[in-house]
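Going down the list, the protein sequences come from chains A and B.
Going left to right, the first sequence walks through residues 1 to 941 as my numbering numbers them.
Going left to right, the second sequence walks through residues 1001 to 1237 as my numbering numbers them.
Just so it is clear, CB atoms sit at the ideal spot from N, CA and C, and this is done for glycine as well.
So the structure is just underneath, and the comments pick up after that.
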Amino acid sequence: MENWTEKNRNVIILLVGVITLIMLYGFRFIKVESDMTKWLKKDAKEVKSLNYVSSKFGGKDVALVGIESDSIFTYAGFKLLSELQDSFEAIKGVSSITSLMNILDIKGTEGSIQIDNLVDRYNLPKDALSIQKLKKYILSKDMYRGRIISEDGRVALFVIRLTKDAEKVYVGSMIKKKAKSIVSSSNIPVKLYFSGTPMVLKSINSSIMNDMIKLVPIVVLIVVFVLYAGMRNTYGVFLPLLVVITASIWSIGLMGYLHVPLSVVSNTMPVLLIAIGTAYGIHMLSTYARHIRGGLSKTKAIKVSQKEVFVPVLLAGLTTMTAFFSFLGSYIVSITHFGIFTGLGVAFAIILSIIFIPAMLYKINYKVDVENKADFRSIWYERIMEHLFEFIAKREFLSVFVAILIILLGILGFLRLKTSSNLMYYFPKSSEIRRSATFLRKNFKGDIPVYILIKGDLQNPGVLQEMIDFEKFMRTRHDIGFPNSYADLIMNLNESAFGYRAIPETKGEVQNLGFMLEGRPVLKQLVESDYKEGIISANALQSAYKPVKEYFDKRLHRSLALVYMDTIPLNSPLYDYLASQTSWRIMQDAAFRGIKLDTSKIKDILLWSLKKQYVINLKDVDELTHKIKGVFSSNDIKVSDDQIRHLLPFVIDSIDTLKLEAYIFNIIPSDIRKDDPEIVEDIKDGIISAKDAFIRDKKIDVVLHKVLSCMKADENAQHALLKDIKGDIYTFFKKNVYVPSEVVEKGSSLKIEPVYSGILPVYEELSKSIYRSQIRSMLIALFVVFILVWLDSGSIWGGLVAVFTIILVISINFGIMGLLGVNLDAGTMLVASVAIGIGVDYSIHFISHLKRRVLDGLSLEEGIRRTMIEKGHAILVNAFTVGLGFLVAVFGTLIPIRNFGWLLFLTMLTSATLSLTFLPGLILFLKGPFNKIFKAKQGGV
Amino acid sequence: MGILGKVMCILIATKAMDGNVIIKKVDSTFNAPKTKKATFCMELKDASGNIEKRKGITYEANGNRRLLKFTEPASIRKIAFLSLPNDVMYIYLPSFRKVRRIATSVKNTNFAGTDFTYDELSTMEYSKKYRAKLLSQNDSVWVLKLLPKSNSAYHHLIMHVDKKHYIPLKIEFYDKSGTLWKVLEEKNIKKIKEYYVPTLLIMKDLKKKHQTKMDIKNLELDINIPEKVFTRRYLRR
C-alpha cells in the first residue's frame, strides 16, 4: 500500500477531487423528509392502515388554524372567517375543512327538520341581535363548543384535512401565508395559531436545513482551534479538516444520488463526522511528525507512518463504524439511513486519512517542529494520576461497588425513560409553533388525528350504536377532542326529526335518515358511499393512545346479534346486560360534563322500570289528544279536539280495533275515503303507534326523573345532558336491540371489523420502535465491539472489561436521561450506540498500552500506573475535543438534537474518565486473568 | 303561445337583444306548461367512477307544486318530497311511516346527493335572481353573463341559450373566486305538444368531481293532475 500510494499520489489526489465534485453535484438531489409517518417501514401495519384510511376518507394530515379574537361573533368576525374558509378551500392539496363556516347544523325547529350549514356564509348575519342569538346557540351545543369554537367563544378553529398525495409543506406554508395576509387586511384585532403536521413539517424542514448551515461552521471552528492548538501547523489543521469535509460531502452526495432524504437525525451527520473523523488524520500526521523528528526522510516517514497507523486507525474506525452500522435494519427507516451514511462517512474518513493524507504529504511541504510542543504533560497532571492510581490500587472493591451503583442508576433511569415521537415536542417550549400548539390544545383538547375505522354495515343500528358508545367514551377523556362519525349525524338527525338523541331502531330508518344527508361534503370524510366502511374521527393527545386502545380491544364488540325484546321474558339476564349498558352510557354522558354517578343505582332504576306499567290518566288526555290529532293532520285531514276525545275510549285502556275503525270511518270525509281507500286503515295504524309512542315517552320521562334525582340540582339542569340521558333511556326501551353475540346463545350474527388508525398509533409505534431500535442497536454495537477488542487484545478478558466499562457509560447516560426527564427520541436514541463505538476506543487504548508496558517487563500494577500517566492525558484531551464537537449540537433548533449534543459530550467525558478510573480498578480487582494472559504473551515473545 | 308570448316575440325580434329579456323568455318557456308528469332515471357518478342509479316519478303543477317519489333502488323506495307554495316542503320517510316538514333554508343545498340544488330542480327563476348581459352570439346561440341580484353562492353564470327554442343549452356556474364550479348541460330537446323541452340534464360539479345525469322519460305536459296529488296524504301512497 505504501509503494502504491507513492506511485499513484497524483492519481489519488485527482480522483479524490473528481469524486468530491461529483458528490457535490449530488447535493442537488437532496431532499428533506421530516414526515414521521414515513419513518416507519411502508409495510408497518399502522402505516398501511393510515394510508388506507386517508385514501378513503382523506385526512392523513390535518392542519389546525386557530383564530383568536374578541370579535369572532360580529359581522366583521364572520366575514373574516368566511374569507379564510374561501382561501383555504382554494389551496391545492386541501381535501376538506371543518369550521364554523361550513359545519352542518341539524335541528328540529317548529316541527320541521333543518339540515343546513350552521352559518350561511353567502348570507352572513349582520345585525348584532341575530349574531348574539347565534352565538348563544353555538356555545350551547356540544357539537360545536370545544370542537370548532372555544368554550369562551373567543377562538374559532379551522380543521383542515389534506389529500393523500398533498405536498404537505407547500399546503402548510400556503395556509400560513394566506391566513396572515387575510388577517392583516382585516379591521379586527386577531391572533393566529397554527398546529398540525403540515405546519410542523414546514418548521422542522427549515430547522433541519438551518441547523446544518449553522452547526457546521461552529464545529469547523472548534476543530480548527483544537487542531491548531495540537499541531501548531497550518497543514496540520487543513489536512484533517479537508478529510472530514470531503468524507461528509461524499456521504451526503451519495444520499442525494440514492434519493435518501435528510431527516431530523441525519442533519447531525456532518457535525458527527467532523468531530469524530479528524482523529484519524491527526493520528497519521502526528505519527509522520514523530518519524520526521526521529530522523527519517520524508518518503520513508510517510511510508512507515502509513504502515504503522493502518491497523490502529482501522480498529478505531471499525468500532466507530460498528456504532453507526448497528442502526442497520432499525425499525425506523431514517435511523437506518443515518446509520448507513454516517458509517460510510467514517469509512471515507479512514480511507482518506490513510491514503489521501500520505498522497498529499508527498506533494506539500509539511513542516514539522523538531520539538514537540504539543506533547507536554505537566507535573501536576502526573501527580493527579499518581494519586488516582494509589487511590484505586488501595480500594480494589470500590470499582465493583461503584459499578453496581452505576448500573442500578442506569436501570432506574432506563425504566423511567419516556419515549417521544410527537414532532411537536421536538420544538422548544418557547418556540412559536409549540406555543401555538399548546394554546390550541388547551382550547380544543388534542391535535393528533385518531381514526377508528369500522368495516361493517354502516346502516345497521347495531354498528352505529357501537360507534356512538365509543364516542361517548372518547368525550369523557380530557385528551380527546372532536369525536365525530356518521353515527353522530344519524343520531342528530333522528333527534331533530323524532325528538330522541338515539340511533333509530331499524336499518330502513337509518337509510331514510341517511338519505337526507346524501351529497353533504361531510359524509365523504366519515363514510364510504356504499356504507360498508366508516370512521370515528377525533383529535387527541399522545396520552390518549392507551385508553383508546383498551376500549378498542375490550369494549368494542366485533360480533352482534339482533334480539326482539318482545319475545324475551322479563326474567332474562339479557335485561340485566341492557341495564348495565345503559347505565354505563348515562355515566359517560354525565362524566363528560364532570358529573359522577352511581352506576348501580341507575341500573336498579332501569330494571325497576321494566316491571312498571304506565297507566294513562286524566292529566294525559290533552297530550294524547294532540298526538292523535297529529295523525289526522299529517294526512291533511282536519278534525276537532272533541272528535278525538270521543275516540279516546277505544284507545286508552286497550285498543278496540273495530270500534276505532268505525269511528275513523265516520269522521273522514267520504270523498277522501273514496279517493284513498286505505286511509282508514292508515289512520288506525297511526293512532295505535301514536299511543305506543306516548306510553313509551311517558315511561322514559319517569325513568329520566328518577335518574335526575340522583344528581345535584345544578347538575341535572343541563339541557344537553338531559337530551343525552333521554336518548340513552330511549335506547334501553327499544324493541329491536343489537347485543354482543356472546350475550345471547342464538341470533343472526353481524360482524364488525374495526381498525385502530390515525397518526396517534403511528406515533405510538414510532415510540415503541425507538425503544426497540435502541435496545437492538446497543446490543449489536456491544457485541461487535466486544469481538473487536477481544481480537485486538488477544484476550476475552480484554473484551469483557472494555465492554463492561462502556456498559457503565451507557448506564450513566440512561440514568441522567431518566432522572432529568430527557425523552428517548430519534436524537437521544443515537447517543448510547455512538457512545459505545467511540467511547470504547479509550478502553482499547488503555488496554493495548497496558499490554505493551507489561510486555516491556513491568508488573501489572506498574503497567497500569504507567499507562494512566502516559495515556491518560491523550485520552482526556481526545474525549474533550471530540465531545466539544458534539456539544455544538446544543445550538441546534430541535430539542432531540440539542439533547443529543450535550448527552454525547457527557458520554465522551464519562467514557474517558471511566477508562482511567474504573477500568484500571477492574483490572486490578480481577488481576489473575490479566497477569496470566500477559505473562503467557511474554513467554510467547 | 299566449298574447304576452307573442308580444315578447315581437319585442325580441325588433329590438336589439337585451340579456334580461332573453332570460325572461327562457324562464317563461320553461314555466309555460301548466302541469308536468314524468318518470326519471338519475345517474350519480362520483370521483372514483362509482355509479348509483335512481328512478322515480314527478308531478308538477303551476310551477309551484311538485311531488317527487323514488321508486328505485330498494333502500330509498317510497321516499318522497312534496314542495308547496310559500317554501313549504315535506319529506315522507317510509320506514318510520312518517311525514316530516323540511325547513326552507335547504333550497340552496343539493338535493339528495345530486348535483342539483332543490331550487335548480324546481321552477326556473333566472330573471328573478340574476341580471343578464349579452356577451356574444352566433347564428344559433346567445351567450349571456348572469350576475346575481342578491347574495348567492355563485359569482356569476355563463348561459348559452338556444335562439330557436329559448332553452339554456349550457350553464356554467362560477364560484365566489371566479373559478368554474358547476356545468349544466341540457340535451335531447324534444317537442311535446307545442313545447320544446330538454329531456336529458347533465350537471357536473367540477370541485367534487361528481356528476348527475337526469334522464326524463314519459314526459306529459298540460295534463290533468288532481290537487290531492300535492297533499301529505298522497306522499305516503
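Chain-order list of residues whose beta-carbon lies under 7 Å from that of residue i (same chain, five-residue window excluded)
| i | result |
| --- | --- |
| residue 487 of chain A | 464, 467, 468 and 503 |
| residue 736 of chain A | 505, 506, 562 and 564 |
| residue 32 of chain A | 205, 208, 209, 261 and 262 |
Cβ neighbours of residue i in the same chain (closer than 6 Å, five flanking residues each side left out)
| i | result |
| --- | --- |
| residue 1178 of chain B | 1155 |
| residue 1072 of chain B | 1055 |
| residue 908 of chain A | 879, 882 and 883 |
| residue 211 of chain A | 267, 892 and 893 |
| residue 1157 of chain B | 1146, 1171 and 1173 |
CB contact below 8 Å: residue i versus chain B
| i | result |
| --- | --- |
| residue 508 of chain A | yes |
| residue 581 of chain A | no |
| residue 518 of chain A | yes |
| residue 335 of chain A | no |
| residue 731 of chain A | no |
| residue 123 of chain A | yes |
| residue 749 of chain A | no |
| residue 109 of chain A | yes |
| residue 113 of chain A | yes |
| residue 511 of chain A | yes |
| residue 86 of chain A | yes |
| residue 207 of chain A | no |
| residue 20 of chain A | no |
Rounded distance between the beta-carbons of residue j and residue i, thought under 8 Å
| i | j | result |
| --- | --- | --- |
| residue 644 of chain A | residue 625 of chain A | 5 Å |
| residue 244 of chain A | residue 349 of chain A | 6 Å |
| residue 762 of chain A | residue 40 of chain A | 7 Å |
Short CB-CB distance (under 8 Å) between residue i and chain A
| i | result |
| --- | --- |
| residue 1233 of chain B | yes |
| residue 1269 of chain B | With chain B running from 1001 to 1237 in the structure shown, residue 1269 of chain B is simply not present. |
| residue 1083 of chain B | no |
| residue 1079 of chain B | yes |
| residue 1066 of chain B | no |
| residue 1225 of chain B | no |
| residue 1101 of chain B | yes |
| residue 1018 of chain B | no |
| residue 1058 of chain B | no |
| residue 1151 of chain B | yes |
| residue 1071 of chain B | no |
| residue 1228 of chain B | yes |
Burial state of residue i, where buried means 16 or more other Cβ atoms lie within 10 Å
| i | result |
| --- | --- |
| residue 364 of chain A | exposed |
| residue 542 of chain A | buried |
| residue 404 of chain A | exposed |
| residue 1223 of chain B | exposed |
| residue 208 of chain A | buried |
| residue 751 of chain A | exposed |
| residue 1284 of chain B | With chain B represented from 1001 up to 1237, any question about residue 1284 of chain B goes unanswered, as that position is not in the structure. |
| residue 865 of chain A | buried |
| residue 635 of chain A | buried |
| residue 35 of chain A | buried |
| residue 1093 of chain B | buried |
| residue 1168 of chain B | buried |
Own chain residues within Cβ distance below 8 Å of residue i, not counting five before or after
| i | result |
| --- | --- |
| residue 13 of chain A | 356, 359, 360 and 363 |
| residue 154 of chain A | 68, 69, 70 and 72 |
Is it a yes or a no for the region 163-173 of chain A touching the region 53-62 of chain A, going by three-plus beta-carbon pairs under 8 Å? Flag = yes, the region 163-173 of chain A and the region 53-62 of chain A touch.
Pair every Cβ in the region 329-344 of chain A with every Cβ in the region 249-263 of chain A, then say whether three or more of these pairs are closer than 8 Å. They touch, by the three-pair rule.
Counting Cβ pairs closer than 8 Å, one from the region 171-183 of chain A and one from the region 95-114 of chain A, do we hit at least three? A contact between stretches requires three or more CB pairs, one per stretch, nearer than 8 Å, and the region 171-183 of chain A fails this requirement with the region 95-114 of chain A.
Meets three-Cβ-pair contact criterion under 8 Å: the region 780-793 of chain A and the region 831-844 of chain A: These segments touch.
Does the region 68-85 of chain A come within contact of the region 1069-1083 of chain B, defined as at least 3 CB pairs closer than 8 Å? Touching, no.
Taking three-plus beta-carbon pairs below 8 Å as touching, is the region 1031-1051 of chain B in contact with the region 1214-1229 of chain B? Taking one beta carbon from each stretch, the region 1031-1051 of chain B and the region 1214-1229 of chain B have 3 or more pairs nearer than 8 Å; the two touch.
How about the region 415-432 of chain A and the region 46-53 of chain A: do they share at least three Cβ pairs that are nearer than 8 Å? The region 415-432 of chain A is not in contact with the region 46-53 of chain A.
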